[in-house]
Each structure stands twice: as structure tokens, then as C-alpha cells.
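In terms of the working numbering, the sequence shown has 265 at position 274, counting the first letter as 1, and numbering is strictly consecutive.
Glycine included, C-beta positions come from ideal geometry on N, C-alpha and C.
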Amino acid sequence: MFKGIVASSGIAIGNALVFTKKPEEILKHKKTILSVDDEIKKFKTALEKTKIDIMNLRERIIYDIGSKEADIFVAYLQLLNDSGFSGKAEQIIKDQKVNIEFALGQVLEDYLDFFNKISDTYLKERSRDISGLIDRIIKNISDTHSIEQKEVSGKFILFADDLTPTDTVELDKTKVLGFITEKGTQTSHTAIVARALEIPALVGVRDIISNVKTGDLVILDGERGFAIVNPTPKVLNTYKEEQKKYNFKSKLLKKMKRLASKTLDNRIIELYANIEFAEEVSNVLENNASGIGLFRTEFIYINRANLPTEEEQFNIYKTVVQKMGKKPVVIRTLDIGGDKYLPYFKIPPEQNPFLGLRAIRLSLVNINILKNQIRAILRVSSFGNVRIMFPMITVVEEFLEAKKIVEEVRAELKIKKVNFDENIKIGAMIEVPSIVLLSEELAKHADFFSIGTNDLIQYTLAVDRGNEAVAKLYDNLNPAVLKLIKMAVENAHKNDLKISICGEMASDPVAAYLLVGLGVDELSMNSAAILNVKNLIRKIKFQDAIEAAENALKMKNSNEIRTYLKEKLSKREVLL
Ligand code: PEP
Ligand code: MG
């Protein structure tokens, strides 16, 4: 199962067609170039991207296996930094006025000649490393694909590192069931074409290409953002059913776009969107969300070689905020640690990363990183309706400390006469049981609460949210979780604070019904889920939801609760 960004929603099931041009072919393809400088620039960019790839891989191996096992990546980096290697390729480009791919092919041949003359098997093995590295550089140079559609008969799900406009034009679109790419964003060409053709698509699915072969059976879940390679028959059958329902449902839901998110007895439940990338704003607007309830900013920090500057962040936030107009944008500060790490930022190895230096904890011991981010957020607050939110607050003092940093940055900006929203709202994420228990006190200091149920469930039930082996225990309707949500809602309301849910639970209509009944004011979810939840809201009565939640809280376990809620909703034909 691979996670990606939904570029175009829908469910596709079919055989994979993995679109890669064989590296040997590319390396032998000689082209005369017009500008040596441009070609060298292209080479250098690809080289830098490859270094980042290698650094990321190295960090991941250190994290997953150990630092000794990652030593080989240091050797790779040395080779990439070695002017003998890159200098040779550049010299060939200059002397022969040829394309980089061909130049790299020549460099590789020289290395292979050299390694062939030696008998040491260890050193011989190194020639494979060089060949692999050159493949990686090639992958980082765009425009090197050519699609061989003959390999699969009938329709297929197309897999590619990335797709160029030329590639997409070449495709027989009547045969493409879906697109899955390793690179790309929601505004990349693949995504735009996929949306225009209403073909489900996922982009930014890391490491998928090396894990799928042409002909493999694949499920593309463009609702939740997953690709499943070679599913079990049971999973396959479930998805076939889902696909049928999806197609029927999407027709009905389109009609919901301009309608209010209001219950039959006139309770408004604002529906917000969660985003990870600025490019997702188009989907947020497309689904007519009331705002952005969670901007996971860590994706701005991931997959690069160094920390983003204040200016870089400011520009990204500004794009989002301006496009959202008057609608609120809740920017969450960096939530790194746990399962998200930065290749260039060293956290000492931890036995339990989810319980370690994560989220606000990390920010509070790296004040300059936090200040930079806060400065960028405050500066952008004068362009729209911006809010700040701190992740993984565990004790009240942590929130106060984070607020103090905001105060300091505000004072600095005032001295410099930089504009910002003086009344900017500062909220806390409720993701740890301790802070639920302390939420009465926290509410006195916060402007709003947002419950991150993904983590709240993990920390309440002591179940790693990413571990398949314990996935059964990860249960969003567990009465313990529901009791905590209720307590947080009550403490928020006692202090006139609004409280939202921004975990995945909000996008599940059965759970959303319960959350509305528990008194949650707003729900924030991936854009693709908004209309489905709006459909639920428009068909229920708030008073019934309150009653259902009261009854659910008296039940012994989640099975009982789920059955009860589903039955209640099915009577009204609320669930599509
Ligand atoms: C959550 O924990 O529910 C949440 C929204 O934050 P994230 O999924 O980014 O940890
Ligand atoms: Mg979280």
C-alpha cells in the first residue's frame, strides 16, 4: 500500500503499465545540442536532485536499519561530489556538443572498462553502484520517457516517475484507467490532464516504481490517496463494490457543491479542508470548503536539502491565503518527528519516535526554526484570514511557551513596522489524552481547539497509527476516544471556543454523525471527502445526532456503537 496525493478522485482497478525507458537505450541516444551551457545547467540540476534523493535514502536506512548499513550512501555522495565524475561528463558535453544522457553513457562505459580489468569481486560490485547512480541521475532529467503501450492489452493504470506533456499526448487515452506518478503535484501536467478527463490519479507516490511491474494488478484509491499493488481477493472484491458505489455517488454529490452544510433543524457545521501542498487549493475551492482547517506545513520542509527560508515559506503561505480570499486558513506549525523526518536536520536516534522529540517539542528546542515559521505566518496574516495552530500540545505550559514565541516575533515585527493581523487567532491541537484532561485550563489561553484524532486515537489506545500488525486496535469509535472528545468539546464550549476535528475520522460519515452529536462545531478533511460529509449533514437532525451520541456513549464497545449508528443512518438513507 503506497500513499500519494489525490490529483483526481475516483477508484480505478486494472493492470499496471510501468512506463520507463530502458536506461541503456537512453544512454546510447546521441543528440546534438544547441547550447552547452543549458545542457550543463540541466546536468547540474539533476545532480543536485540526485544528491537529495541519496541523502533521503541514507536517512531512511539509518532510521530503519542502522548507520553502518547506510555507509554506502556516503560513498555515493562522495562520487556525486567528485569533480572527476561530473567533470568528465561536462567535458564530453563541451567537446562533443552532445546531450547529457549520451555523455553519462560514455562516462559509464569508461568506468565499466576499468572495473572489467580488475578481478576483485567487491570492486566489481561497485560498478553496479555507479550504473545505479547514473540511472538515478537520468531519472532526474525530465523528457526521457517514451511509452510502450503495446506491453499491456486492454486498459491499464499508468505508472511513471513523471509524465511530460509529450508523453501524455502520445497516450491512447481511451485505454488509461488511471495515472500514478512518483513525482508531480496537483498542478502538474498529469494531474491537470487526469482531472480534465475525469480519470483517477495519484501523484507524489514515493518509491512506487521500483515496487510495481507491468501487468501487476493494482487498485488506485483516489478517495483516500492510496495505491494497492497486488491486492488480496478480499480487498479486490471490497474495492469493486466501492467503485460501483463511487461512480453512482459522485454523480449525486456534484449537486451538493453550492448548498449549505446545514442540518434539517438548521445547525450549521462548517466543513473545512486539510492540505499538505499549496497546489491543493484548487481542489479546496472546487469542493467549496469553508476554509482550510489544517495546513500541514511540514511538507514544505520535507524532500529538500536544507531548511526553507522565511521568504520561501512566506511565498507559499501567501499563494494559499490569497487564493482562499476571506476564508480562514489554519496554518499548523512544523510537525516533524514521529514518522516524518528531515534529511538535513539531525534528531538523535530515538527508541520511540512518536513519543520523542516530535512536533511542538522539537520546535521549542529549535526556537529559530519556529521563529522563522511564525514570522512567515504573521507576515502573511495581513493578506487574508490566517490562524496559527500548534501540534501535539501535551501540557498547558507548552502552549504558553509557544505563544510567548509568537509574542516575541510580533514585537520584532512591530519595531520593523511590518504589517500583520493584530488579532490573529492561536489554537491548539488536541492529540494527546493528557491535554484533553487539562483542556479546561488550556481553553483559557487558546482561541480555538482542533482535535487531531489520528494521533489522539494512537496515543489513547497505545496503537502505532502506521503499524499494520496492530491496525485492528486502531479504532475511531472506541468509547475511550469518544469520551475524550466529549470532554474536550465541553471544556472548549465552557470557554466559548470553537472546536473542530481535523483527523481522518471527520471524513467518515458514520463517525461525523457522532461528532456532530458530541457538539463538534467544524469538521476538516481532505477536499475529496467534503461533499460526501455535506450530504450527511443535510440529511440529519442535530437533535437526533445529540441523542445518538448520548446513547453511543453508554455502549460497551465500538462494534456496538458502529452497528447502532449505521442502523440509525440507514433508516434515513443518509449514507451514500
Ligand atoms: C491528527 O493527528 O489527527 C492530525 C490531523 O495530524 P497529523 O495526521 O498530521 O498527525
Ligand atoms: Mg497529528
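Rounded to whole angstroms, what's the CA-CA distance from PHE381 to MET420? Just pull it up for me. On the sequence shown, position 390 is the one that residue 381 refers to. On the sequence shown, position 429 is the one that residue 420 refers to. When rounded, the distance between both Cα atoms is 6 angstroms.
Endpoints, the beta strand (DSSP E) within which GLU513 is located: Numbered from its first residue, the sequence shown carries residue 513 at position 522. Counting along the chain, the beta strand (DSSP E) containing GLU513 begins and ends at 513 to 517.
Measuring only from the beta carbon, is GLU422 closer than 6 angstroms to any heavy atom that is part of the ligand MG? Indexing the sequence shown from 1 puts residue 422 at position 431. Yes - the ligand MG has a heavy atom lying nearer than 6 angstroms to the Cβ of GLU422.
Looking only at its chain, what residues have a beta carbon closer than 7 angstroms to the beta carbon of ARG258, apart from the 5 residues adjacent to it on each side? As a first step, residue 258 must be located in the sequence shown, where it is residue number 267. So the qualifying residues of the chain are PHE533.
Based on Cα-Cα distance, which residue from ILE379, SER252 and LYS394 lies nearest to VAL507? The residue labelled residue 507 in the question sits at position 516 within the sequence shown. VAL507 has its Cα closest to that of SER252, out of ILE379, SER252 and LYS394.
Any 3 or more C-beta pairs closer than 8 angstroms across the stretch 473 to 492 and the stretch 437 to 456: Yes: the two stretches touch, three or more of their Cβ pairs being nearer than 8 angstroms.
Have a look at the DSSP bridge pairing and note the partners of MET247. In the sequence shown, the residue the question calls residue 247 occupies position 256. MET247 pairs with nothing; no bridge assigned.
Quick check on PRO500: buried or exposed, where buried means 16 or more other Cβ atoms within 10 Å of its Cβ? Sequence index remark: in the sequence shown, residue 500 carries index 509 (1-based). By the 16-neighbour rule on beta-carbons within 10 angstroms, PRO500 is buried.
Helix, strand or coil: how does DSSP classify ARG553 here? The sequence position of residue 553 within the sequence shown is 562, counting from 1. In the structure shown, ARG553 adopts helical secondary structure according to DSSP, grouped into three states.
Minimum length 4: unbroken alpha helix (DSSP H) runs contained in the stretch 461 to 539: For the stretch 461 to 539, whole alpha helix (DSSP H) runs of length 4 or above, ordered along the chain, are 470 to 485, 500 to 508 and 521 to 530.
When the Cα atoms are used, what is the spatial distance from GLU289 to ASP466? Position 298 of the sequence shown, counting from 1, holds the residue named residue 289. Position 475 of the sequence shown, counting from 1, holds the residue named residue 466. Spanning the two alpha carbons is a distance of roughly 26 angstroms.
Nearest-angstrom beta carbon gap, VAL275 and ALA7 [assumed within contact, 8 angstroms]: As a first step, residue 7 must be located in the sequence shown, where it is residue number 16. As a first step, residue 275 must be located in the sequence shown, where it is residue number 284. Incorrect: roughly 30 angstroms between the Cβ atoms, too far for contact.
Cutoff 6 angstroms; reference GLU422; Cβ partners in own chain excluding five residues on either side: Translated into the one-based positions of the sequence shown, residue 422 becomes position 431. If the five residues before and after GLU422 are omitted, its C-beta is found closer than 6 angstroms to the C-beta atoms of MET383, GLY443, ASP446 and LEU447, all from its own chain and listed in chain order.
ARG366 Cβ short of 6 angstroms to the ligand PEP heavy atom set: Position 375 of the sequence shown, counting from 1, holds the residue named residue 366. No, Cβ of ARG366 sits at least 6 angstroms from all heavy atoms of the ligand PEP.
Extent of the continuous beta strand (DSSP E) run through ARG295: As a working note, residue 295 is residue 304 in the sequence shown. Careful: ARG295 lies outside any beta strand (DSSP E) and carries neither H nor E.
Go to LYS416, then tell me how far its alpha helix (DSSP H) extends in each direction, as first and last residue. Within the sequence shown, residue 416 is the residue found at index 425, counting from 1. In the DSSP assignment, LYS416 falls outside any alpha helix (DSSP H) and within the unbroken beta strand (DSSP E) covering 416 to 421.
Starting from GLU261, trace the beta strand (DSSP E) in both directions and tell me its first and last residue. As a first step, residue 261 must be located in the sequence shown, where it is residue number 270. Element bounds for GLU261: 261 to 266.
If you compare alpha carbons, which of MET46, GLU389, LEU505 and THR41 is closest to ALA536? Here residue 536 is taken as the residue at index 545 of the sequence shown, counted from 1. With distances taken between CA atoms, ALA536 lies nearest to LEU505 out of MET46, GLU389, LEU505 and THR41.
Locate the beta strand (DSSP E) running through LEU168, then write down its first and last residues. Start at 1 with the first residue of the sequence shown, and residue 168 comes out as number 177. It spans 167 to 172 - the beta strand (DSSP E) in which LEU168 sits, taken as one unbroken run.
Report, in whole angstroms, the separation of the C-beta atoms of LEU361 and ILE396, which I expect to be a contact under 8 angstroms. Numbered from 1 along the sequence shown, position 370 holds the residue referred to as residue 361. Numbered from 1 along the sequence shown, position 405 holds the residue referred to as residue 396. That pair is a contact at about 6 angstroms.
Is GLY510 near the ligand MG - that is, is its Cβ less than 6 angstroms away from at least one heavy atom of it? On the sequence shown, residue 510 is found 519 positions in, with the first residue counted as 1. GLY510 Cβ: outside cutoff for every heavy atom of the ligand MG.
Would you mind stating whether ILE200 and GLY169 have Cβ atoms separated by less than 7 angstroms? Within the sequence shown, the letter at position 209 stands for residue 200. Within the sequence shown, the letter at position 178 stands for residue 169. No, the Cβ-Cβ distance between ILE200 and GLY169 is not below 7 angstroms.
ASP446 CB to nearest heavy atom of the ligand MG below 6 angstroms: Your numbering for residue 446 matches position 455 in the sequence shown. It does: the Cβ of ASP446 is within 6 angstroms (strictly closer) of some heavy atom of the ligand MG.
Return the chain-ordered list of same chain residues with a C-beta closer than 7 angstroms to the C-beta of THR385, the five sequence neighbours on each side being excluded. Along the sequence shown, one-based indexing puts residue 385 at 394. Around THR385: VAL423, SER425 and ILE426.
Any heavy atom of the ligand PEP closer than 6 angstroms to the beta-carbon of GLY494? Here residue 494 refers to the residue found at position 503 of the sequence shown. Yes, since a heavy atom of the ligand PEP falls inside the 6 angstroms radius drawn around the Cβ of GLY494.
Could you name the residues that DSSP lists as bridge partners for ARG323? Numbered from 1 along the sequence shown, position 332 holds the residue referred to as residue 323. The beta-bridge partner set that DSSP reports for ARG323 consists of ARG287 and MET380.
Return the chain-ordered list of same chain residues with a C-beta closer than 7 angstroms to the C-beta of ILE558, the five sequence neighbours on each side being excluded. Taking the first residue of the sequence shown as position 1, residue 558 is located at position 567. The sequence shown places Glu at residue 558, not Ile. Beyond the five residues adjoining it in sequence on each side, GLU558 comes within less than 7 angstroms, by CB distance, of no other residue in the same chain.
Am I right that SER582 and GLY213 are in contact with their C-beta atoms under 8 angstroms? What's the rounded C-beta distance? Examination of residue 582 is not possible in this model, given that the chain is present from -8 through 567 alone.
Are the Cβ atoms of PHE(-7) and VAL196 separated by less than 7 angstroms? Indexing the sequence shown from 1 puts residue -7 at position 2. Indexing the sequence shown from 1 puts residue 196 at position 205. For PHE(-7) and VAL196, yes; Cβs fall inside 7 angstroms.
Return the CA-CA distance between LEU70 and VAL472, expressed in angstroms with no decimal places. Here residue 70 is taken as the residue at index 79 of the sequence shown, counted from 1. Here residue 472 is taken as the residue at index 481 of the sequence shown, counted from 1. Approximately 51 angstroms between the Cα atoms of the pair.
With 16 as the cutoff for other CB atoms within 10 Å, does LEU95 come out buried or exposed? By 1-based counting over the sequence shown, the position of residue 95 is 104. Looking at its Cβ environment, which holds 16 or more other Cβ atoms inside 10 Å, LEU95 is buried.
Tell me which residues share the same chain as SER430 and place their Cβ nearer than 6 angstroms to its Cβ, disregarding the 5 neighbours each side in the sequence. Position 439 of the sequence shown, counting from 1, holds the residue named residue 430. Sequence-distant Cβ neighbours of SER430 in its own chain, meaning closer than 6 angstroms and more than five residues away, are ALA479 and ASN482.
For ILE293, count the other beta carbons within 10 Å of its own beta carbon; 16 or more makes it buried, fewer makes it exposed. Which is it? By 1-based counting over the sequence shown, the position of residue 293 is 302. The residue is exposed, with fewer than 16 neighbouring Cβ atoms inside 10 Å.
Heavy atom of the ligand MG less than 6 angstroms from the Cβ of GLY418, yes or no? Here the question's residue 418 lines up with position 427 in the sequence shown. For GLY418, the shortest C-beta to heavy atom distance toward the ligand MG is 6 angstroms or greater.
So who's on the other strand from ASP212, going by DSSP bridges? Residue mapping note: residue 212 aligns to position 221 of the sequence shown, counting from 1. As a beta-bridge residue in DSSP terms, ASP212 pairs with ILE2 and PHE217.
From the DSSP output, in three-state form, read off ILE358 for me. Position 367 of the sequence shown, counted from the start, is the residue given in the question as residue 358. If DSSP states are grouped into helix, strand and coil, ILE358 belongs with the helices.
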